[in-house]
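Colleague:
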Amino acid sequence: MREGTAQAAHFNAAGSSLPSRATVEAQRQYLEVESTIGGYEAIEREASALRRPYQGLAKLLNCEPEEVAILQSATSAWTQVFYGLELSQGDRILTSQHEYSSNYNAFLQVGRRTGAAVEVIPEEGDGEISVAGLERLIAQGRRPALVAITHVPTNCGRVYDAAAVGAVTQQHGIPFLLDACQSVGQMPVDVRAIGCDWLTGTARKFLRGPRGVGFLYASKAAMARTEPAMIDLWGATWVSPSEYRLQRSARRYEFYEKDFSGVVALGVAVDEALELGMDWIWGRIRELAALLRSLLADAPGCRLHDSGRTLCGIVAFSVEGMPAADVRARLREQGICVWISPASSTLLDFQAHGLPPETVRASVHYYNTEAEIAQLARAVAALEGQGGTA
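Using the UniProt record's numbering, you'd call the opening residue of the sequence shown number 1 and step up by one each time.
#1: Could you check which residue in Q140, L207, R252 and R332 has the C-alpha nearest to that of S20?
#2: Starting from S88, trace the alpha helix (DSSP H) in both directions and tell me its first and last residue.
#3: Pull the bridge partners of E358 from the DSSP assignment, please.
#4: So, T23 versus P210, is the Cβ gap smaller than 8 Å?
#5: Please identify the residue among W234, L199, C312 and A316 whose C-alpha is closest to the C-alpha of C302.
#6: Three or more C-beta pairs under 8 Å: does that hold for the segment 162-181 against the segment 190-205?
#7: Could you check the C-alpha separation between A324 and L276 for me, to the nearest Å?
#8: Roughly how many whole angstroms lie between the Cα atoms of M1 and G173?
#9: For Y253 and L295, what's the separation of their Cα atoms in angstroms?
#10: Between the segment 94-109 and the segment 214-221, do at least 3 Cβ pairs fall closer than 8 Å?
#11: What is the rounded straight-line gap between the Cα of M278 and the Cα of V239?
#12: Consult DSSP for E128 and reduce its assignment to one of helix, strand or coil.
#13: Using a Cβ-Cβ cut-off of 6 Å (strictly less than) and excluding sequence neighbours within five positions of R248, which residues of its own chain qualify?
#14: Using the C-alpha atoms, what's the distance from D259 back to A377?
#15: How is R303 classed by DSSP in three states: helix, strand or coil?
#16: Would you mind listing the beta strand (DSSP E) stretches within the segment 160-246 that are 3+ residues and don't spill past its ends, in chain order?
#17: Check this for me: beta carbons of R332 and I340, under 8 Å apart or not?
#18: Can you name the start and end residues of the alpha helix (DSSP H) that S261 belongs to?
#19: Alpha carbon to alpha carbon, what distance is there between Y366 and G157?
#20: Would you identify the three-state DSSP class for G22, choosing helix, strand or coil?
#21: Where does F107 sit, in a helix, a strand or coil, going by DSSP?
#22: Check F350 in the structure and name its three-state DSSP category.
#23: Starting from S318, trace the beta strand (DSSP E) in both directions and tell me its first and last residue.
#24: Under 8 Å: do the segment 78-89 and the segment 51-65 share three or more Cβ pairs, one atom per stretch?
#25: For my contact list, I93 and V118 are in at a C-beta cut-off of 8 Å; report their separation, rounded to the angstrom.
#26: Measure the CB-CB distance between L348 and V120 and report whether it falls below 8 Å.
#27: Can you look up T389 in the DSSP assignment and give me helix, strand or coil?
#28: If I measure Cβ to Cβ from E15 and keep anything under 6 Å in the same chain, skipping five residues before and after, which residues do I get?
#29: Would A8 pass as a contact of I314 if the rule is Cβ separation under 8 Å?
#30: Just to confirm before moving on: does the CB-CB distance between L304 and A362 stay below 8 Å?
#31: Take N368 and list the residues in its own chain whose beta-carbon comes closer than 8 Å to its own, dropping the five residues that flank it on each side.
#32: If you reduce the DSSP assignment to three classes, tell me which class residue 410 lands in.
#33: Indicate whether A250 and E86 have their beta-carbon atoms separated by less than 8 Å.
#34: Where V131 and S183 are concerned, what is the direct C-alpha to C-alpha distance, given to the nearest angstrom?
#35: Would G200 and A229 qualify as a contact pair, given that the criterion is a beta-carbon distance under 8 Å?
#36: Just how far apart, CA to CA, sit R245 and A145?
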């Protein structure tokens, strides 16, 4: 569990976590096979390894392998769902206050094209999504065409109660799309318990998988009602000059060309998470994040920006008088890797909470140690008074 951390104290699992040696080796070995027998032939030889992530993700998410698709990124997966919906004038899209910019930009673009409207579900005072507010929005007009929220935001440690949202959408028969990029691999995620129609995620964040690979859960009921935004010869079969037939499984959302070595590596990463157990991983991450928050709370000039009933491994903070980019640079000089969240990444959340233009994001994983947590906190505390005017 400590491999890959010798070069720096890595606190950027929310961006791209450190893959295990086994995951990297699986990707390397697949590329070796491609280089010796060819790409198409490698697919045939490594068929078992290429099936592995579908089986593993099905166990991880509590669904069936036929409900799993693997794409080039989480964004590819999300857009295959969203742009496949037939929205029109007067349709309503309900989303969360901390929705990610890529998703919200898509809402705005489709709104301009079709006349569909975007409405934001209010939050409770403690930062939890308001179920009562969601019910009120639903009752205010035409039944929403979609509820689409982000489970965990990119810029802070809040975890929305997705299952509470799913209970409401199921009751009213509203499609529910959940962006779980920051939650899958960090905490237990059960699509049956949540009640979502679609869930999207990525390999590179808390799952410790490779870059360039994303995945999608699509329920059988959702697939019976909708089509992907785009299809190719893999997602559908051309059966006559005027007809195509979609794949019966969620692979209808996939495109043929992808990083097959990354697919194999994702299978290894998912199996490692299953072997360790998501309950243990979630407990360890929360323990480390709580320690970091407690130490940063005592650091002079440091302001924490996390709020919510449930907090996860993403810790957001700023240092008085010092721009976030300078904080990151000073920490990097000491072998500590953190990242920056600009206001444009989750604009509504930044505006609602009066956050600075950028905040620092430290995201822990189980491979971090208590000593690294203390090192980061000491380094932040030492920054007081060094920044001049922000």
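We treat Cβ as the ideally placed atom computed from N, Cα and C, and that holds for glycine.
Modeller: Taking the coordinates as given:
#1: Checked all of Q140, L207, R252 and R332; the closest Cα to S20 is L207.
#2: Run containing S88: none; DSSP gives neither H nor E here.
#3: P342
#4: Cβ distance < 8 Å, so T23 and P210 count as in contact.
#5: A316
#6: yes
#7: 34 Å
#8: For M1, the predicted model reports a pLDDT of 44, less than 50, meaning its position is unreliable; a value from the coordinates is still stated below. Each residue's Cα considered, the two are about 43 Å apart.
#9: 45 Å
#10: no
#11: 43 Å
#12: coil
#13: Contacts found: none.
#14: 38 Å
#15: strand
#16: For the segment 160-246, whole beta strand (DSSP E) runs of length 3 or above, ordered along the chain, are 176-179, 198-202, 214-218, 236-240 and 243-246.
#17: Result no, Cβ atoms of R332 and I340 do not sit closer than 8 Å.
#18: F260 to L276
#19: 16 Å
#20: The question names Gly, but residue 22 in the sequence shown is Ala. Three-state DSSP puts A22 in a helix.
#21: Residue state for F107 is assigned as helix, using DSSP reduced to three classes.
#22: helix
#23: I314 to V319
#24: The count of Cβ pairs closer than 8 Å, one atom from the segment 78-89 and one from the segment 51-65, stays below three, leaving the stretches out of contact.
#25: 5 Å
#26: yes
#27: Because T389 carries a pLDDT of 43, less than 50, the predicted location of this residue cannot be relied on, and the following value inherits that uncertainty. If DSSP states are grouped into helix, strand and coil, T389 belongs with coil.
#28: Rather than Glu, the amino acid found at residue 15 in this sequence is Gly. Excluding positions up to five away in sequence, the list reads W339.
#29: Taking 8 Å as the Cβ cut-off, A8 and I314 do not qualify as a contacting pair.
#30: no
#31: Taken in chain order, the residues that qualify are T5, A9, H10, F11 and L288.
#32: What the structure shows of the chain is the stretch from 1 to 390, and residue 410 is not part of that stretch, so it cannot be assessed.
#33: Contact: no.
#34: Cα-Cα distance, rounded: 20 Å.
#35: The identity of residue 200 in the sequence shown is Thr, whereas the question assumes Gly. The answer is no: Cβ separation not under 8 Å.
#36: Distance between the alpha carbons of R245 and A145: 25 Å.
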